[in-house]
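Asker: Residue numbers (UniProt numbering): 1 to 203.
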Amino acid sequence: MTEVHFVSSASIGGKPSKDFSRQLEFPGSALTRPDCWQPISTLIDTGASACFVNQSWVNQHRLDTMPVAKPIRLSLANGGEVDKLTQAVDLPVRHGSHTHNVLCYVTNIGKYDVILGMNWMDYHQPALHFGDQRSLTFAKAGCKLNCLHEGLPETVYENGVCHSHVQLVKGDYQTGDTTTKTNKDGKVTTEETMADIYLISAQ
1 MTEVHFVSSA
11 SIGGKPSKDF
21 SRQLEFPGSA
31 LTRPDCWQPI
41 STLIDTGASA
51 CFVNQSWVNQ
61 HRLDTMPVAK
71 PIRLSLANGG
81 EVDKLTQAVD
91 LPVRHGSHTH
101 NVLCYVTNIG
111 KYDVILGMNW
121 MDYHQPALHF
131 GDQRSLTFAK
141 AGCKLNCLHE
151 GLPETVYENG
161 VCHSHVQLVK
171 GDYQTGDTTT
181 KTNKDGKVTT
191 EETMADIYLI
201 SAQ
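#1: Taking the alpha-carbon positions, what's the Val102 to His165 distance?
#2: Please classify Asp83: is it buried, with 16 or more other beta-carbons within 10 angstroms of its beta-carbon, or exposed?
#3: Judging by CA-CA distance, which residue of Gln38, Thr137, Thr42 is the nearest neighbour of Gly110?
#4: Determine the DSSP secondary structure at Ala141, reduced to helix, strand or coil.
#5: Where does Asp35 fall in DSSP's three states?
#6: Determine which residues share a DSSP beta bridge with Met66 and list them.
#7: Helix, strand or coil, according to DSSP, for Val7 in the structure here?
#8: Which residues share a DSSP beta bridge with Asp83?
#9: Looking at the unbroken beta strand (DSSP E) that takes in Tyr112, where does it start and where does it end?
#10: Beta strand (DSSP E) containing Asn54: first to last residue?
#11: On the DSSP bridge assignment, give the partners of His98 in chain order.
#12: Would you report the Cα separation of Val4 and Val156, rounded to the nearest angstrom?
#13: Assuming Ile40 contacts Gly28 under a Cβ cut-off of 8 Å, what Cβ separation, rounded to an integer in Å, is found between them?
#14: Can you list, in chain order, the residues of its chain whose CB lies under 6 Å from that of His149, leaving out five sequence neighbours each side?
#15: Do you know whose CA, among Asn108, His124, Gln133, Met118, lies nearest Asn54's CA?
#16: Could you tell me which of Asp90, His124, Asn119 sits nearest to Asp64, measuring between CA atoms?
#17: Going by Cα to Cα distance, which pick from His100, Val106, Tyr123, Leu76 is closest to Arg62?
#18: Please list the terminal residues of the continuous beta strand (DSSP E) segment that includes His163.
#19: Return the chain-ordered list of same chain residues with a C-beta closer than 7 Å to the C-beta of Met118, the five sequence neighbours on each side being excluded.
#20: Looking only at its own chain, which residues have a Cβ that is under 8 Å from the Cβ of Glu25, when we skip the five neighbours before and after it?
#21: Check whether the Cβ atoms of Val68 and Gln87 lie closer than 8 Å to each other.
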């Protein structure tokens, strides 16, 4: 049986009309060569079964690809075939201080550089927050151990601002939340410290 991956039609059809609710798009960065992080537009697509990177972005940054063992059908929810996936990229992707290698299939995905699907959501289990300012919070134990800087939970907002959350512990000096921002070159820098250093005395 031929392997099949799915993707939402809205994610590959270009920019949605202003009459539609905006999608879950977050700025991030990806490592294209050693010490070279490039800014990317990423779509969190709950209708996608896997992760994808735009063919044009791969070509632009001359990324090395690897062939898949057997072509994979890329289909919409109605079963209509969009493409055959034959190449993939192991791409380090970063949102705030959350960094993880993502296996992305190479295909044409409209205006987005990267689409992160349900396999990525299931693995990292970010908490999605909706409303006027949508955000992702990474706090899973595995992410604290392997993906997050110093193991600190991180909230990433649509506008590129990120908060690292520090939990105050008795007897320890800890900093408060730190606000960071993704610059146009893809680097994440500290923008503002939200709290001073505290000492919680052990009782």
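Glycine included, each C-beta is placed from N, C-alpha and C at the ideal position.
Answerer: So, to answer that:
#1: Along the sequence shown, read from residue 1 onward, the residue named residue 102 stands at position 102. Along the sequence shown, read from residue 1 onward, the residue named residue 165 stands at position 165. About 24 Å.
#2: Along the sequence shown, read from residue 1 onward, the residue named residue 83 stands at position 83. The residue is buried, with at least 16 neighbouring Cβ atoms inside 10 Å.
#3: Within the sequence shown, numbered from 1, the residue matching residue 110 stands at position 110. Comparing alpha-carbon positions, the option among Gln38, Thr137, Thr42 lying closest to Gly110 turns out to be Thr42.
#4: Here the question's residue 141 lines up with position 141 in the sequence shown. The answer is helix: DSSP assigns Ala141 an H, G or I state.
#5: Here residue 35 is taken as the residue at index 35 of the sequence shown, counted from 1. Secondary structure at Asp35: coil, using DSSP grouped into helix, strand and coil.
#6: Position 66 of the sequence shown, counted from the start, is the residue given in the question as residue 66. Answer by DSSP bridge pairing, in chain order: Ala88.
#7: Residue mapping note: residue 7 aligns to position 7 of the sequence shown, counting from 1. Here Val7 sits in coil by DSSP.
#8: The count along the sequence shown starts at 1 and reaches residue 83 at position 83. Asp83 pairs with Leu74.
#9: Numbered from 1 along the sequence shown, position 112 holds the residue referred to as residue 112. Element bounds for Tyr112: n/a, residue is neither H nor E.
#10: On the sequence shown, residue 54 is found 54 positions in, with the first residue counted as 1. 51-54 is the extent of the beta strand (DSSP E) around Asn54.
#11: Indexing the sequence shown from 1 puts residue 98 at position 98. Looking at the DSSP assignment, His98 forms a beta bridge with His95.
#12: Taking the first residue of the sequence shown as 1, we reach residue 4 at position 4. Taking the first residue of the sequence shown as 1, we reach residue 156 at position 156. Near 31 Å, if we compare the C-alpha coordinates of Val156 and Val4.
#13: As a working mapping, residue 40 is identified with position 40 in the sequence shown. As a working mapping, residue 28 is identified with position 28 in the sequence shown. Sure, about 5 Å apart at Cβ, within 8 Å.
#14: Along the sequence shown, read from residue 1 onward, the residue named residue 149 stands at position 149. Within the same chain, His149 has close Cβ partners Ser97.
#15: For the purposes of this step, residue 54 is taken as the residue at position 54 of the sequence shown. Per the Cα distances, Asn108.
#16: The count along the sequence shown starts at 1 and reaches residue 64 at position 64. Taking the Cα of Asp64 as reference, the smallest distance to any Cα among Asp90, His124, Asn119 is reached at Asp90.
#17: Sequence index remark: in the sequence shown, residue 62 carries index 62 (1-based). It is Val106 whose Cα lies nearest to the Cα of Arg62.
#18: In the sequence shown, residue 163 corresponds to position 163, counting from 1. Looking at the DSSP string, the run of the beta strand (DSSP E) that includes His163 is 161-164.
#19: The residue given as residue 118 occupies position 118 in the sequence shown. Closer than 7 Å at the Cβ level, and outside the excluded window around Met118, lie Thr46, Ala48, Ser49.
#20: Working through the sequence shown from its first residue, we reach residue 25 at position 25. So the qualifying residues of the chain are Ser41, Thr42, Leu43, Ile44, Tyr112, Glu158.
#21: Counted from its first residue, the sequence shown places residue 68 at position 68. Counted from its first residue, the sequence shown places residue 87 at position 87. Yes.
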